[in-house]
Amino acid sequence: MAIVEAAEGRLGMLTISEHTEAGVYKYHLVYDVLHPKDENGANQWQSKSAIPLPVNYRYGILGVAGGYLLLIGYPQQNRLVLDYFSLNLQTFQIEWFCQTGRCAITSDLVYISILYFGKWSCINADAAKLLFTLIILILIALSYRNTTEIVISITVCAS
C-alpha cells in the first residue's frame, strides 16, 4: 500500500489487487481517494480506478518519490531476476524501466529482495539455503562504504 497526494489536497491510496482469469494471475493497482465526511461524520474512501499491471509478474510496492510509484515485479517464469516498474502519478501510465538480479545496490541504499517458492518450515534444506544466501548478501551490502540503509524484503510464496 502507498499513500499519495491526490487532487485538491486529498489523500490517495494505491493498493495491489490480485485475481485469476483462466488460470492466469492478473494484478491491478487500485486507486482510492479519501473524501470529506459524509452525513454520519465519517471520511469515506472512494475507488477511482483500477490500473492493470503487466501480466506474468507478482508485484510489490517499493515506495513513492518524485511523482512516481515504484513497483518491483517478480517474473513468474524467471526467478533469477527482478523487474522494476514506475507509475506516473499524474497520468497513471505504467512503464518498465530496468531489470536486476536478486540484489539491487545504489549509492545510499541497498535493497535485497528474496523470493522464496516452496513450503516454509522452521528447518529444512531450502530454508537453510535461503538464510545462507541472505547472510552472504548482507555481508556484500555491508562492504559498500557509502551505504546508509539496508532494506531486506523476503516474500514467501507457497507452492
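Here our numbering = 1-based position in the sequence shown + 4. Note that beta-carbon positions come from the ideal geometry of N, C-alpha and C, so glycine has one too. Being a predicted model, the structure only gives us computed values, none of them experimental.
#1: Taking 8 angstroms as the threshold (C-beta atoms), are G64 and I76 in contact?
#2: By how many angstroms is the C-alpha of H39 removed from the C-alpha of I118?
#3: I55: which of C102, K41, I98, P79 sits nearest, CA to CA?
#4: Name the DSSP bridge partner or partners of T104?
#5: Can you grab the Cα-Cα spacing for the pair N60 / E22, in whole Å?
#6: How should F101 be labelled, buried or exposed, when 16 other C-beta atoms within 10 angstroms of its C-beta is the threshold for buried?
#7: Which term fits L91, buried or exposed, when burial requires 16 or more other beta carbons within 10 angstroms of its beta carbon?
#8: Do G13 and Y35 have their beta-carbon atoms positioned less than 8 angstroms apart in this structure?
Judging by the given coordinates:
#1: Position 72 of the sequence shown, counted from the start, is the residue given in the question as residue 76. Position 60 of the sequence shown, counted from the start, is the residue given in the question as residue 64. Taking 8 angstroms as the Cβ cut-off, I76 and G64 qualify as a contacting pair.
#2: Within the sequence shown, residue 118 is the residue found at index 114, counting from 1. Within the sequence shown, residue 39 is the residue found at index 35, counting from 1. Residue placement at I118 is poorly supported in this model, since its pLDDT is 47, which falls under 50; the coordinates are not used for a value here.
#3: Taking the sequence shown and counting its residues from 1, the one referred to as residue 55 is at position 51. That would be I98, whose Cα lies nearest to the Cα of I55.
#4: Translated into the one-based positions of the sequence shown, residue 104 becomes position 100. Note: T104 sits in a beta bridge opposite L86.
#5: As a working mapping, residue 60 is identified with position 56 in the sequence shown. As a working mapping, residue 22 is identified with position 18 in the sequence shown. When only Cα atoms are considered, N60 and E22 end up about 12 angstroms apart.
#6: In the sequence shown, the residue the question calls residue 101 occupies position 97. Answer is exposed; the Cβ neighbour count stays below 16.
#7: As a first step, residue 91 is located in the sequence shown; it is residue number 87 there, counting from the start. Around the beta carbon of L91, 16 or more other beta carbons lie within 10 angstroms, which makes this residue buried.
#8: Position 31 of the sequence shown holds residue 35. Position 9 of the sequence shown holds residue 13. Contact flag unset, no.
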